[in-house]
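Notes follow once the structure below has been shown.
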Amino acid sequence: MAANTQYIECCGLNIKKVSLKELLFNKTMLIAYILLAIGLVGWYEIFYLRWGHLFVNNADVIAAAGGNSEHLRTIAEALKEQIFNLDHIEEVKKPNPWGVFVTQYVYLLYGGSALIFLTALMELFKVKVAPKVAAALMTFGISMVFGGLVSIFTDLANQLNIYWMILNPQPQSGMWLMLPLYAVYIPFTFIEIYFLITNKRDLARKFAGILVIMGLIIDVIEFYIQGILFNLNVPRHLWTDIPQLWLYFLVTGALTGVAGAIIYAFLGLRNKPYFDEFIKTASTMGIILTALAALYEIINFMVVDPKWISLIIHGSPISWMYWGWIVLGIALPFVLFLTKKPTLALVGAISAVIGTFLMRQAFIYGGNIVPMSDRFGKGPEATSLYQLDAITPWAYAPPHTMEVLVVIGCLGLGIAIYSLLDSLFAVRDVNDNAAH
């Protein structure tokens with residue numbers, strides 16, 4: 005039944021009447037299409053190498069196995085090993101276990117998750133501007149999460165791995181535990197968005213309390229599992245040598261989320277009467293988060309092995325990334341957020357977005373620049389026997405072009421998801437008249 009001339013009511017939702025042209029070919033979607041087209045080039049190259057390479061489709065080799073299933077399994081493993089160690093494929097390899105796909109994953113997913121968490125927290129404590137921006141920010145946050153998940157989906161090499169992860173549960177595996185984690189968290193967030201865009205304010209506020217508690221628990225579990233995954237490969241220099249890594253992820257992820265929210269506000273909320281108020285609130289959050297991030301870095305230097313500190317601050321391929329994070333991600337945004345002036349806050353947010361990405365990149369690649377051994381027979385790992393201050397050359401491989409293209413495509417996907425949700429449910433406008 006039509007709620008009015010502009011909306012159709014369905015399941016309590018007011019679905020905006022939009023033409024296919026307005027839905028699929030608005031300015032935001034056109035930008036998303038451009039980014040997705042760039043990403044498709046990278047995805048095509050990756051999937052061709054994984055599925056269409058001559059090693060995979062060598063019928064003569066497969067036929068030589070005589071149809072024996074055990075022989076076929078052995079050959080399949082050998083072919084996979086060959087493909088992912090070809091010199092001209094600059095993807096993730098044993099000497100360099102993680103790359104820019106994982107950087108994008110932790111960048112977007114932690115930023116989106118933390119933004120959802122902070123929005124629910126504002127809603128719970130009745131921050132004045134929260135009802136007006138909550139639906140939009142949570143939708144923006146969940147779009148970031150999906151962009152990050154597609155990045156890690158690409159990184160999992162052969163997508164059949166995901167299929168077997170579901171059919172053959174391995175609760176002892178940190179990666180497997182991420183599946184039920186997101187299976188709970190993502191639907192839970194959509195329920196909260198549903199309450200917000202249907203103007204069920206009381207339910208939304210009560211549910212925000214549950215979401216904050218669940219969000220905190222899920223974030224702790226998520227970051228704890230991520231810490232396990234990092235430590236299974238090699239100590240990630242500065243960060244994993246200190247306790248409570250999950251807290252560092254939460255603080256820096258929240259900084260990414262808040263910076264993204266400020267940029268989003270300039271693009272989507274500039275004409276709203278509460279725009280200035282939101283910028284002031286977000287700037288205050290930015291001040292607190294940059295201060296906490298700076299405090300964490302000071303703690304790092306107090307507790308980490310001096311050799312690791314020397315490794316990260318000068319001489320290694322990731323040193324410039326780390327200092328980029330300190331300057332662009334912490335120092336400059338802190339000063340600009342202090343002014344609480346919209347234009348300067350925007351500059352600070354752009355700086356923070358760049359700086360936090362550099363931090364993620366340094367974090368991911370930092371664990372790849374030292375040699376690894378297999379002293380326990382359970383896979384490559386770093387040992388304390390290395391002279392960390394004298395390691396050359398560095399085991400560092402910059403991202404391949406196709407990886408960079410995929411990262412751009414993941415951004416486009418997140419933008420497309422947000423644009424579709426905003427076009428259908430008007431998340432920027434639905435609660436303009438709401439008040440605590």
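So for the sequence shown, our numbering puts the first residue at 5; every next one is plus one. Glycine included, each C-beta is placed from N, C-alpha and C at the ideal position.
Check	Outcome
Helix, strand or coil, according to DSSP, for ILE225 in the structure here?	helix
Check whether the Cβ atoms of ALA451 and VAL262 lie closer than 8 Å to each other.	Residue coverage of the chain in this structure runs from 5 to 440, which leaves residue 451 outside it and unanswerable.
Can you give the Cα-Cα distance for MET376 and PRO135, rounded to whole angstroms?	With a pLDDT of 48 at MET376, under the threshold of 50, the modelled position of this residue cannot be trusted, and the question is left open.
Can you give me the Cβ contacts of ALA353 inside the same chain, cut-off strictly under 6 Å, excluding the 5 residues immediately before and after it?	ALA263, ILE266 and ILE267
From LEU273 to PHE129, what distance separates their C-alpha atoms?	22 Å
Could you check if THR347 is buried or exposed, using at least 16 other CB atoms within 10 Å of its CB as the buried criterion?	exposed
With a floor of 3 residues, list each beta strand (DSSP E) that falls wholly inside the region 254 to 342, ordered by position along the chain.	none
For PHE105 and ILE156, I'd like the C-alpha separation in whole angstroms.	6 Å
Using a beta-carbon distance below 8 Å, is ALA366 in contact with chain B?	Of the protein chains in this structure there is only one, and it is not chain B.
Helix, strand or coil for ARG432 per DSSP?	coil
Could you tell me how far apart the beta carbons of GLY418 and GLY151 are, in whole angstroms, since I believe they sit closer than 8 Å?	3 Å
Exposed or buried, which one is LEU392 when buried takes at least 16 other CB atoms within 10 Å?	Bear in mind that the predicted position of LEU392 carries a pLDDT of just 48, short of 50, making it too unreliable to give a figure here.
Am I right that MET148 and LEU112 are in contact with their C-beta atoms under 8 Å? What's the rounded C-beta distance?	5 Å
What do you reckon, is the C-beta of ALA366 under 7 Å from a heavy atom of the ligand FMN?	Among the components modelled here there is no ligand, and therefore nothing to report on the ligand FMN.
Do TYR422 and THR143 count as a contact pair if the criterion is CB distance below 8 Å?	yes
My understanding is that GLY103 touches MET406, with C-beta atoms under 8 Å, so please give their C-beta distance in whole angstroms.	The Cβ separation is near 11 Å, so there is no contact.
Applying the 10 Å Cβ sphere with the 16-neighbour rule, what's the burial state of TYR52?	exposed
In terms of residue numbering, what span does the alpha helix (DSSP H) encompassing GLN108 cover?	104 to 128
What does the Cβ neighbour count give for ILE38, buried or exposed, with the cut at 16 atoms within 10 Å?	exposed
Around the Cβ of PRO337, are there at least 16 other Cβ atoms within 10 angstroms (buried) or fewer (exposed)?	buried
With a CB to CB cut of under 7 Å and the five nearest residues on each side skipped, what residues in its chain are close to SER323?	ILE316 and ILE317
Quick check on the DSSP output: the alpha helix (DSSP H) that includes TYR52 runs from which residue to which?	Element bounds for TYR52: n/a, residue is neither H nor E.
Are ILE42 and THR158 close, meaning C-beta to C-beta below 8 Å?	no
Please state the DSSP three-state secondary structure of VAL45.	helix
Thinking THR260 and GLY115 are a contact (beta carbons under 8 Å), I'd like their distance in whole angstroms, please.	3 Å
Please report the straight-line C-alpha distance between CYS414 and SER355, rounded to a whole angstrom.	21 Å
Following the continuous alpha helix (DSSP H) through LYS344, name the residue where it begins and the one where it ends.	No alpha helix (DSSP H) contains LYS344, which DSSP labels as neither H nor E.
Less than 8 Å between the CB atoms is what I'm expecting for LEU125 and VAL216, so what's the real figure, rounded?	6 Å
Within 10 Å of its beta-carbon, does ALA118 have 16 or more other beta-carbons around it, so buried, or fewer, so exposed?	buried
For ILE330, which option in PRO310, THR360, TYR228 and ASP280 has the closest C-alpha, if you only look at C-alpha atoms?	THR360
VAL131 to PRO321, Cα distance in whole Å?	43 Å
I'd like to check one pair, ILE190 with ILE146: are the Cβ atoms closer than 8 Å?	yes
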